[in-house]
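Novice: The sequence shown runs 189 to 354 under the working numbering.
The beta-carbon is built from N, C-alpha and C at its ideal position, and this holds for glycine as well.
I am attaching a structure below and will ask some questions about it afterwards.
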Amino acid sequence: MAGASIVIGKILQGAGTTLGLYGQYQDKLSVSKKQAFDAQVAANNAELARQDIDVRQAGGRQERSSISKGEHVTRGEARVGSAAGNVAVGEGSALEVDIALAEQAARERSASRDQEAVDVKRLETERDTLLAESRLLRKAARRTKKSARMGFIGGNLQAIGSSISK
């Protein structure tokens, strides 16, 4: 009878060990799922940053187009005003006004391009950082899941070996 109670004790001890290891396994799987979820969130945010880059570039083109249209209107109005005052459009102060307006528009387009470049670089950096974060989290999720399986299997094998050797 004493032998049966020892066997029952070892079975219960093994079952307890297995349940404890299964709990640890589930904990690690939860961590792995959280890491995979966070990786997907980072990937989604990277895609949003990529879309923001496209929107910013389109906005920059639109802004420069508006500057050019405004330049043409302003220069045309100045020419009409000069012509109405019997001033030769291609010479003297009328020419200087035309050149100044063209230079001002060129400066505004250049400033627009420069600001767009700064904004796009910031968004590209954000996108690249999020993509890297996503890759690292996916890799961590795979490692955590593998570690959970190995810990569960290894712990059970160790418990079985320990109970056999006693």
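Assess, as a yes-or-no matter, whether the region 289-301 is touched by the region 259-268 under the definition of 3 or more beta carbon pairs within less than 8 Å.
Specialist: Flag = yes, the region 259-268 and the region 289-301 touch.
Novice: Counting C-beta neighbours from all protein chains within 10 Å, is the total for Thr313 16 or more, i.e. buried, or is it exposed?
Specialist: As a first step, residue 313 is located in the sequence shown; it is residue number 125 there, counting from the start. Flag for Thr313 reads exposed.
Novice: If you measure between the beta carbons of Tyr213 and Ala347, is that distance less than 8 Å?
Specialist: By one-based count along the sequence shown, residue 213 stands at place 25. By one-based count along the sequence shown, residue 347 stands at place 159. Cβ atoms of Tyr213 and Ala347: not closer than 8 Å.
Novice: So, under 8 Å CB-CB, Leu311 and Arg244 are touching, yes? Tell me the CB distance rounded to an integer number of Å.
Specialist: Walking along the sequence shown from the start, residue 311 turns up at place 123. Walking along the sequence shown from the start, residue 244 turns up at place 56. Yes, they are in contact, since the Cβ atoms of Leu311 and Arg244 sit about 6 Å apart, within 8 Å.
Novice: To the nearest angstrom, how far is the alpha carbon of Ile255 from that of Arg297?
Specialist: As a first step, residue 255 is located in the sequence shown; it is residue number 67 there, counting from the start. As a first step, residue 297 is located in the sequence shown; it is residue number 109 there, counting from the start. C-alpha separation (whole angstroms): 7 Å.
Novice: Using the Cβ count rule (16 or more neighbours within 10 Å means buried), how would you classify Ala299?
Specialist: Position 111 of the sequence shown, counted from the first residue, corresponds to residue 299. Exposed: under 16 other Cβ atoms inside 10 Å.
Novice: Give the straight-line distance between the Cα atoms of Arg331 and Ser220, rounded to the nearest whole angstrom.
Specialist: The residue given as residue 331 occupies position 143 in the sequence shown. The residue given as residue 220 occupies position 32 in the sequence shown. The alpha-carbon atoms of Arg331 and Ser220 are separated by roughly 8 Å.
Novice: Looking only at C-alpha atoms, which of Ala231, Ile341, Lys334 sits nearest to Asp316?
Specialist: Here residue 316 corresponds to residue number 128 of the sequence shown, with the count starting at 1. Of the candidates Ala231, Ile341, Lys334, the one whose C-alpha sits nearest the C-alpha of Asp316 is Ala231.
Novice: Rounded to a whole number of angstroms, what is the C-alpha to C-alpha distance between Val147 and Leu324?
Specialist: Past the edges of the chain, shown from 189 to 354, lies residue 147, and the structure says nothing about it.
Novice: Quick one, are the C-beta atoms of Leu217 and Lys327 less than 8 Å apart?
Specialist: Here residue 217 is taken as the residue at index 29 of the sequence shown, counted from 1. Here residue 327 is taken as the residue at index 139 of the sequence shown, counted from 1. Cβ atoms of Leu217 and Lys327: not closer than 8 Å.
Novice: Output yes or no for whether 8 Å exceeds the beta carbon distance between Ser270 and Ala288.
Specialist: On the sequence shown, position 82 is the one that residue 270 refers to. On the sequence shown, position 100 is the one that residue 288 refers to. Against a cut-off of 8 Å, the Cβ pair of Ala288 and Ser270 comes out as no contact.
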